[in-house]
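Participant: Residue 1 is where the sequence shown starts when you use the working numbering, and the numbers rise one by one after that.
Below you'll find the structure I mean.
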Amino acid sequence: MTFFKSGTTAIDKSAITLSMLCMAHCLLLPVALSLLPALSALPLADEHFHQMLAVAVLPISALALLFGCWKHRTWSVVLICALGLVILAGTALFGHVLLGEIGEKAATVIGAAVIAYGHVRNMQLCRAAGHTEAGVNP
Numbered sequence: 001m002t003f004f005k006s007g008t009t010a011i012d013k014s015a016i017t018l019s020m021l022c023m024a025h026c027l028l029l030p031v032a033l034s035l036l037p038a039l040s041a042l043p044l045a046d047e048h049f050h051q052m053l054a055v056a057v058l059p060i061s062a063l064a065l066l067f068g069c070w071k072h073r074t075w076s077v078v079l080i081c082a083l084g085l086v087i088l089a090g091t092a093l094f095g096h097v098l099l100g101e102i103g104e105k106a107a108t109v110i111g112a113a114v115i116a117y118g119h120v121r122n123m124q125l126c127r128a129a130g131h132t133e134a135g136v137n138p
């Protein structure tokens with residue numbers, strides 16, 4: 001069960017990183033494109049890139065939450081992350097059409113922040129349950 005001791009934290013951190021990457025992509029790409037117009041030739045400016053990030057977050061979040069909740073039995077973190085994932089996925093798929101550019105950015109930031117909060121909470125609960133990264137009870 002070594003994976004449960006170290007893997008859950010690593011997966012949570014991966015989900016947080018992807019969520020923050022999605023947020024950074026949404027907020028910083030317009031600035032980067034205006035400063036470095038050559039970036040527009042890269043697929044980073046494409047809406048599909050944002051959608052691929054959202055799709056990548058889903059299975060990683062699900063794994064981290066499954067393993068974490070299995071240990072600490074606090075299933076409310078699943079609801080927190082599910083809310084963030086619904087916001088992020090809905091925004092990636094329909095945000096530009098339904099919310100406009102500014103609304104899409106705001107919803108992406110909110111969704112990513114909710115996901116990150118859920119994973120930070122999952123890591124805290126795992127540590128409190130004696131499920132630490134080093135495999136040593138606190």
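Idealized CB from N, CA, C, for every residue including glycine.
If you measure between the beta carbons of C81 and A54, is that distance less than 8 Å?
Facilitator: no
Participant: Just reading off the alpha helix (DSSP H) that A92 is part of, what are its end residues?
Facilitator: No alpha helix (DSSP H) contains A92, which DSSP labels as neither H nor E.
Participant: Rounded to the nearest angstrom, what separates G130 and L79 at their Cα positions?
Facilitator: 23 Å
Participant: Does the pairing of the stretch 90–105 with the stretch 58–66 give three or more beta-carbon distances under 8 Å?
Facilitator: no
Participant: Determine the burial state of I102: buried for a count of at least 16 other Cβ atoms within 10 Å of its Cβ, exposed for fewer.
Facilitator: exposed
Participant: Just verifying my parser: in three-state terms, what is the DSSP assignment at L18?
Facilitator: L18 falls in the helix class under three-state DSSP.
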